[in-house]
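Below: the structure, in structure tokens.
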Amino acid sequence: MALTVTLLNSAYLRGRCCRHKVLHPLLGPLLSNSMSKVYSSYRRPGSQPEKKPSWQNIDFSFKKGIDVLKTQLGMLKKETKDYLIGPGGHPLDQYLLEQTRVLWEFRSQEDLNKWVISSDVEIGGKSEVYLKLGRNNQAALLYGTLNTEVPRDGETKYSGYCSMRAKPPVGSFARKKYYDWSNFNSLYLRVRGDGRPWMVNIYTDPYFSHQKDDLYNYFMFTRGGPYWEEIKIPFSKFFLSSRGRVQDEQHPIWLDKASFLQALSISTLGFTIGDKVDGPFQLEIDFIGLLNDRAHTEEFAYETYEKNPRI
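Residue numbers for the sequence shown follow the working numbering, so the first one is 376 and each next one is one higher.
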């Protein structure tokens with residue numbers, strides 16, 4: 376009898392602890408504002424915390440909950456149908472013979488809504504960045520002004536960056552999804568810049584908390600002028616960095632999304648400018664895609680070694 380009571384109590388406590396995880400996909404759109412305030416980690420030095428409890432900002436609507444449930448079930452139905460067809464919703468023969476794939480293109484405001492822009496304003500800086508559709512709605516125009524002035528808060532030492540990052544893909548009921556780029560070996564872009572260098576960032580989903588700042592980076596140099604340029608960056612050129620510092624221990628990017636490697640699978644992609652030059656900048660992006668270049672046979676461009684080899 377005592378054992379039964381103990382098991383029931385543990386199950387009850389476990390249910391209470393995990394209840395918010397089960398309901399979050401349904402209540403996420405309703406509680407997004409309040410939840411973001413609860414889990415926001417950054418606050419400017421010297422600023423006062425909010426006095427009003429976040430739970431008072433919750434606006435629960437039963438009708439919205441039903442609408443969200445219908446939307447999630449529709450997404451689940453589509454995902455199941457695509458899974459039965461083949462990888463990525465394509466037949467297997469088409470998937471195996473695929474040589475190119477367009478991931479993002481910019482033809483409407485809906486395409487722009489898949490991206491998020493940010494700058495050093497988040498840490499008190501003065502850089503500005505904007506994103507809009509280009510001429511004739513045929514490209515995305517990322518523009519702004521870079522300002523390297525360090526905020527006078529006594530803590531920040533560096534400033535002057537702007538970035539653009541794609542929103543990570545999300546499946547039905549707020550499940551994380553990952554990209555499978557194993558059929559390709561290069562990133563392919565069509566851009567038009569002003570001659571300033573950019574950093575292309577590939578984000579992965581970390582397994583440990585100390586890996587949350589890990590990125591795979593490589594440079595993208597724009598030549599300026601009125602002409603478009605097509606840039607091909609092999610995945611073997613991307614190097615591992617953390618908080619802006621290149622790591623000693625390097626390894627290639629995991630391009631697939633196997634179940635046992637999902638902790639390192641690709642979650643999204645972004646661009647950053649931070650060349651320490653004050654002034655305006657702009658970058659037009661026509662599309663971002665993948666390419667399988669048969670002429671490129673390099674597996675990894677950098678030396679791999681053990682930091683503490685066994686003797």
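Ideal Cβ positions, reconstructed from N, Cα and C, are used throughout, including at glycine.
CB of residue i within 9 Å of CB of residue j, strictly
i      : j      : result
Val496 : Tyr518 : no
Thr531 : Gly568 : no
Val491 : Ala541 : yes
Leu665 : Leu562 : yes
Pro544 : Tyr554 : yes
Ile608 : Val566 : no
Asn558 : Asn667 : yes
Ile648 : Leu521 : yes
Ile663 : Glu480 : yes
Trp573 : Met595 : yes
Pro601 : Phe675 : no
Arg618 : Asp580 : no
Asn592 : Ser616 : yes
Gly599 : Met450 : no
Contact test: residue i Cβ vs the ligand NAD heavy atom, cutoff 8 Å
i      : result
Pro581 : Among the components modelled here there is no ligand, and therefore nothing to report on the ligand NAD.
Simplified DSSP assignment, three categories, for residue i
i      : result
Asp596 : According to the sequence provided, residue 596 is Phe. The question's Asp does not apply to it. Phe596 falls in the strand class under three-state DSSP.
Ile628 : coil
Tyr578 : strand
Arg527 : coil
Phe614 : strand
Ser547 : helix
Glu681 : coil
Asn511 : helix
Ser411 : Bear in mind that the predicted position of Ser411 carries a pLDDT of just 40, short of 50, making it unreliable; the figure below should be weighed with that in mind. DSSP places Ser411 in helix when its eight states are reduced to three.
Boundaries (first-last residue) of the alpha helix (DSSP H) holding residue i
i      : result
Asp442 : 437-460
Leu467 : 467-471
Run of the beta strand (DSSP E) containing residue i, from where it starts to where it stops
i      : result
Glu485 : Note, Glu485: premise wrong, no beta strand (DSSP E); alpha helix (DSSP H) at 484-487.
Gln657 : 654-666
Leu517 : 515-521
Arg565 : 561-568
Tyr505 : 503-508
Lys607 : 604-609
Arg669 : Looking at the DSSP string, Arg669 is not in any beta strand (DSSP E), and its letter there is neither H nor E.
Glu480 : 475-480
Bridge partners - residue i, DSSP secondary structure assignment
i      : result
Phe646 : Met539, Val575
Phe349 : Since the displayed the chain opens at 376 and closes at 686, residue 349 lies outside it and no answer follows.
Ile492 : Met539
Ile641 : Tyr554, Thr579
Sequence-distant residues of the same chain with beta carbon closer than 8 Å to residue i, five excluded per side
i      : result
Asp631 : Asp555, Trp556, Ser557, Ser640
Ser411 : With a pLDDT of only 40 at Ser411, under the threshold of 50, the placement of this residue in the model should not be trusted, and no figure is reported.
7 Å Cβ shell around residue i - same chain, five flanking residues per side excluded
i      : result
Tyr677 : Phe614, Gln625
Phe656 : Tyr518, Gly519, Leu521, Asp569, Arg571, Ile648
Lys501 : Asn522, Glu524
Met539 : Trp490, Ile492, Leu506, Leu517, Gly645, Phe646
Same chain, Cβ closer than 6 Å to residue i, five either side skipped, listed in chain order
i      : result
His585 : none
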